Every structure is written in structure tokens, then in C-alpha cells.
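Chemist: For the record, in the sequence shown the residue sitting at position 152 is 152 according to our numbering, with numbers rising by one throughout.
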Amino acid sequence: MKNKFIKIFCIAIVSAMTVASCDKGFEEMNTNPNALTDPAINSMFTLAEIYVDGQDFSNTRGNNIYAAQIVQHFSALTGAGSKYAYSSEYSGALFGESYGKGLNQIFQLMSVLPDTPESSNMRQACRIMKVFLFQKLTDTYGDIPYFEAGQGYNGNVFAPKYDTQEAIYNDLLKELDEAGDALDAGKPFAGNADLYYQSDVARWKKLANSLMLRVAMRLSKVNEPKAKEYVEKAFAKGVFTSNDDSLVLEHEAGPPGVKTNPITSAWVRNDLNGGDSNIKFSKTYIDLLQSTNDPRLRIYAKIESTGDNSPASQQGLANDAKEFPGGDKKLFSDPNTSTVLRYDAPTLILSYAEVQFILAEAAVKNWNVGGTAQQYYDNGVKAAMDILTIFGDKVPAVSATEYNTYITTYPFKSAGTESEKIEQIITQKWILLLFNGFEAFSEYRRTGFPVLVPVNDPLGQTNGTIPRRLIYDQSELLTNPDNYKEAIQRQGLDLMTTRIWWDK
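1) Do G316 and Y285 have their C-beta atoms within less than 8 Å of each other?
2) My output table needs one value for L195: the three-state DSSP class, helix, strand or coil.
3) Going by beta carbon distance, what residues of the same chain come within less than 7 Å of V451, once the five residues before and after it are set aside?
4) What three-state label does DSSP hand I65 in the structure shown?
5) Is DSSP giving L348 helix, strand or coil here?
6) Determine the DSSP secondary structure at L249, reduced to helix, strand or coil.
7) Out of curiosity, what's the CA-to-CA distance linking D393 and P262?
8) Can you give me the start and stop residues for the beta strand (DSSP E) that F240 sits inside?
9) At which residue ranges does the stretch 255-284 contain complete beta strand (DSSP E) runs of 3 or more residues, listed in the order of the chain?
10) Once the 5 residues before and after A266 are set aside, which same chain residues still bring their CB inside 6 Å of it?
11) Is I168 helix, strand or coil when you go by DSSP?
12) Pull the bridge partners of I303 from the DSSP assignment, please.
13) With C-beta atoms as the reference, is T497 less than 8 Å away from Q491?
14) Which residues in the same chain as V14 place their Cβ atom closer than 8 Å to its Cβ, once the five residues preceding and following it in sequence are excluded?
15) Would V157 pass as a contact of E148 if the rule is Cβ separation under 8 Å?
16) List the residues that DSSP assigns as beta-bridge partners of A76.
17) Would you give the residue range spanned by the alpha helix (DSSP H) that V112 belongs to?
18) Does DSSP put Y377 in a helix, a strand or coil?
19) Around the Cβ of N379, are there at least 16 other Cβ atoms within 10 angstroms (buried) or fewer (exposed)?
20) Alpha helix (DSSP H) containing W430: first to last residue?
21) Name the DSSP beta bridge partners of D163, please?
22) Check each candidate in T479, P481, Y472 and name the one with the smallest Cα separation from L495.
23) Pull up the distance between the alpha-carbon of H73 and that of P335, whole angstroms please.
24) Could you name the residues of the same chain whose beta carbon sits closer than 6 Å to that of I50, not counting the 5 residues immediately before and after it, in chain order?
25) How long is the line joining the alpha carbons of L195 and T465, rounded to whole angstroms?
26) Determine the closest residue to S119 out of A236, A400, G186, G416, with distance taken between C-alpha atoms.
27) Can you name, in chain order, every residue of its own chain whose Cβ lies under 6 Å from the Cβ of K330, other than the five neighbours on each side?
28) Measure how close the beta-carbons of A67 and F441 come, nearest whole angstrom, since I'm counting them as under 8 Å.
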């Protein structure tokens with residue numbers, strides 16, 4: 001991989017954080033920053049990139065406990081996601097942290113960037129990073145504050161209105177289209193302060209176009225002509241062409257803070273103690289990989305108490321379980337602490353494999369994306385296996401022979417129905433999106449795949465149906481009540497069962 005982590009000196013992070021709020025909520029994001037005579041632009045940019053993937057608060061609560069359990073990557077006996085129960089703290093975590101940290105950081109940075117050609121590339125990169133955060137937010141909750149978000153810096157808007165998801169999606173596509181075109185290799189960028197691509201403009205352009213694929217495909221059921229238009233446009237402009245283009249953010253092992261992995265650091269530090277974690281791999285996930293002899297299983301999973309990562313030994317916990325069968329949680333599979341759950345495990349934010357699966361789905365729909373669905377599917381599966389080398393060599397990588405055996409034994413269903421083909425594509429995407437529960441949750445709602453058996457638990461809030469969204473941060477009832485009420489009147493009650501605009 002070419003994405004090598006640029007070591008972040010503490011002084012750079014501290015200087016950036018002096019102008020970035022660490023609290024959540026609009027009151028922080030919409031407060032004018034203190035007068036800055038010499039803002040640390042590059043350090044602010046570095047911190048914005050780190051915040052794009054969230055921190056421990058939203059990833060532990062919104063991702064690990066909610067989204068990843070809803071889609072049955074993981075399971076817990078009393079997990080809010082496994083049982084579709086409601087926790088205001090967990091459900092609102094992404095909302096509060098995204099506005100209070102990630103978007104706050106980006107809006108502050110854009111407020112101090114001079115409007116000059118020399119700052120143009122950094123400004124376009126900020127627009128692209130905003131799309132990552134806003135798409136995750138609107139996909140999780142539905143209508144959200146968008147156009148007025150951040151206007152406390154120059155517009156004195158401290159209670160931003162909620163915008164419709166349709167309007168938000170239209171603007172997300174516009175932002176990516178314009179920002180990608182405006183990136184210019186002949187202008188300065190951020191040097192090594194850019195952790196993503198070390199200021200390689202060509203790769204940033206591919207990132208903008210590849211993210212456009214993800215955004216556009218989300219509209220496939222609610223506005224297929226627009227989805228097709230922008231998928232084809234993104235492909236024509238140029239998307240990821242190998243794993244070297246994948247957006248991988250490297251991390252450090254410690255001390256705990258912004259430099260550590262926002263998922264694994266909290267999990268290992270607080271919960272995982274010789275296999276004593278309450279969150280385990282879901283039986284759904286383990287059973288699928290075992291039944292297909294998937295070579296990735298040894299890299300993903302391990303019985304932490306014994307160190308056994310052999311695929312045959314892995315055991316997942318059913319999402320409807322009331323107790324650990326046999327009474328010993330240490331007999332169940334944990335994420336592998338030698339690979340994907342290392343303290344310094346990298347984060348796979350957007351991958352070449354995901355791009356290939358999106359193009360495979362587009363080809364199934366006969367959209368103009370060059371290759372065939374089988375070509376893109378095969379490429380995606382191979383890339384998804386090969387990318388696991390980013391997690392180190394303590395477990396053997398998937399070999400070419402193993403890939404060939406897998407793809408030969410379970411080939412793409414070229415003669416199948418459109419639904420069968422898409423199910424196969426999305427199931428592979430679901431495997432790939434381990435640790436990105438938010439994206440897997442969105443793709444499940446969009447497609448209905450993979451087929452999951454719902455949980456009907458007395459703690460649940462959905463009468464035994466899989467949730468369609470998370471409930472807003474309830475602080476909005478105090479800080480932004482009029483706009484919150486207007487949003488739920490338009491969208492529907494603030495419940496897990498209320499469908500958002502593109503979820504048809």
C-alpha cells in the first residue's frame with residue numbers, strides 16, 4: 001500500500017485542537033472561533049481528515065453497538081443493535097459527534113482558509129470530506145441540518161433548519177462533481193499534512209469520483225435515472241483502479257487519542273480481556289464465511305482466550321441469544337487482535353473493492369460502466385481479499401490459489417436473475433464492510449441484502465422488524481426544538497421504524 005501514515009507530532013495536534021471543539025452539538029459548531037492571528041492551517045487539515053472516520057464515541061456506540069449489530073456483523077446479549085432496543089446516548093452518538101467534531105473542524109478550517117488560488121486544493125478537499133460526514137449522517141437519521149450547518153461562523157445561524165434528504169443528496173453529488181473538477185495539480189496543497197494521499201491531486205480526484213459512485217448508487221430505488229447519470233459520470237471521470245488507490249488511514253498504537261484507531265482502541269482497551277468481551281462476532285457472519293470456506297475468516301476472527309484463529313474453531317453468537325450457549329463467552333469468536341483489532345489497525349474508509357462491487361451492480365443494471373458484472377465482481381472479491389494485507393503479516397495473507405479456489409467454487413451467477421446477481425454482489429460488500437457498520441446498514445436498507453433473520457426481543461422497539469434508521473440526538477429537543485419538530489412532521493415520527501427518503 002502507498003498510503004503510509006505520516007507521524008503526527010503532538011504539537012501539531014495540540015495546535016489544531018486549540019481551534020477545534022471536542023464537544024458535541026450545534027452550539028459548539030456554530031460558535032465563532034476565537035480570534036486567530038496565525039491559524040495552524042495544515043494541522044487543522046490533518047485533524048479534519050482524522051475526524052472524517054469519527055472518534056471512539058460515535059464508533060463504539062453508533063457503529064459497534066448499533067449499526068454493526070443491526071446488520072449482524074456482531075452480536076451482544078443485551079446489545080441495543082442486536083435487540084433493536086433504544087439508547088438515547090448510543091443512538092445520538094453519531095449526530096452529536098459529527099456536528100461537534102468532524103464538521104465543526106472542517107467548517108472552522110474553511111472559515112480561516114484564504115480565498116486564494118493557493119488554498120483552492122485544500123478547500124476542495126474539505127468539500128469532499130464534508131460529503132463523507134454528511135452522507136453518513138443523513139443515511140443514519142434522514143433529514144438533518146445541512147445548508148445552514150456551520151453558518152454560525154459567518155451567518156449567526158445557531159439553530160439550523162433540517163433539510164430534506166432529497167435536497168441534501170442533490171447537493172452532495174454537486175459538491176463532489178465540482179470539487180473533483182476544481183482540484184488542480186498545478187496549485188499548492190497540504191504537503192505531508194495530507195494523511196490520505198500526501199497531496200497527490202490525481203488520487204484525490206479518484207477519491208471524489210469513487211465517493212460519487214457510493215452516493216449515486218444510494219439513489220437506485222428512489223431516483224434511478226439520477227443514480228445512473230452520476231454513476232456513469234463518476235466512472236467516465238475516473239475512479240479507483242487498484243488497491244493502492246483505496247483510502248486507508250493508518251493509526252498509532254498509543255497513547256489513546258486522535259491518533260489511535262477509533263474502533264479498535266476502545267474495544268481492546270475497555271472491553272476485550274482474554275476473550276471476556278460482551279460483543280462477539282455474529283453467528284450470521286461466522287456461519288457464512290465457514291460455509292463457503294472463506295479464507296478471510298482466519299484474518300478476521302480469533303478465539304481470543306486461546307489464540308485459535310483456525311476457521312473451523314470459530315463460533316458466532318446469535319443476535320437473538322439470551323445467554324452464551326454453554327455459559328462461557330470465551331468460547332466465542334472475537335475480532336482478531338493480531339490483525340483487524342490491533343491497537344494500530346488501519347481504517348479502510350473507502351476501498352477499490354467497494355468501487356468494483358458498485359460497478360458490478362451498475363453493470364447488472366446495464367448502465368454504461370465499461371466492463372461486465374462478472375469482471376467487476378471477480379475483481380472486487382480479489383481486491384477485498386488482497387486488501388487485508390494492510391493488517392500486517394502475523395496471519396498469512398489470502399493466496400492466489402485460495403482466491404482461485406473460492407471464485408471457482410462460488411462463481412458469479414451470470415445466468416441468474418437480476419435480484420440473484422445483486423444479492424451476491426451486496427453479500428460480498430457486506431463481508432468487506434466489517435467495521436463499517438454504518439455503510440453496511442445503509443446498503444442493507446437499500447437492497448434488502450444479505451437476507452437477515454430479524455430479532456423479536458422484549459427490549460426491542462420495532463415489533464420484530466429490522467430498524468430503518470436511528471433516532472436523533474435528543475439534545476435537539478432542547479437546543480433546536482422548532483426545526484426538530486418540523487423535520488419529524490415532514491419525515492415521520494422519530495422512531496427506528498420510520499423509513500428515510502431513499503429507503504423504498
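Glycine included, C-beta positions come from ideal geometry on N, C-alpha and C.
Note that the structure is predicted; figures quoted are calculated from it, not measured.
Modeler: Straight from the coordinates:
1) It is a contact, given that the beta carbons lie within the stated cut-off.
2) L195: coil per DSSP, three-state reduction.
3) Once the five neighbours on either side are set aside, V451 has no close Cβ partner at all.
4) I65 sits in a helix when the DSSP states are folded into three classes.
5) Correct three-state label for L348: strand.
6) Correct three-state label for L249: strand.
7) Taking the straight line from one Cα to the other gives about 22 Å.
8) It is not in any beta strand (DSSP E) - F240 carries neither H nor E in the DSSP assignment.
9) If we require 3 residues or more, the beta strand (DSSP E) runs fully inside the stretch 255-284 come out as 279-281.
10) Excluding the 5 residues flanking it on each side, A266 has same chain C-beta neighbours closer than 6 Å at D56, T60, in chain order.
11) For I168, the three-state secondary structure derived from DSSP is helix.
12) Paired residues: D308.
13) Cβ atoms of T497 and Q491: not closer than 8 Å.
14) Bear in mind that a pLDDT of 38 at V14, under 50, signals an unreliable position, so the model cannot answer this.
15) Taking 8 Å as the Cβ cut-off, V157 and E148 qualify as a contacting pair.
16) For A76, the beta-bridge partners assigned by DSSP are I279.
17) Taken as a continuous stretch (DSSP letters only), the alpha helix (DSSP H) holding V112 covers 103-112.
18) Three-state result, Y377: helix.
19) With 16 or more other Cβ atoms within 10 Å, it is buried.
20) Counting along the chain, the unbroken alpha helix (DSSP H) around W430 starts and ends at 418-432.
21) Beta-bridge pairing links D163 to I144.
22) Comparing Cα positions, the closest option is Y472.
23) Using only the alpha carbons, I get a separation of about 11 Å.
24) The residues are V258.
25) Going from the Cα of L195 to the Cα of T465 covers about 41 Å.
26) In terms of CA proximity to S119, G186 leads the group A236, A400, G186, G416.
27) So the list reads G275, S305, once near-sequence residues are dropped.
28) Indeed they touch by this definition, with Cβ atoms about 4 Å apart.
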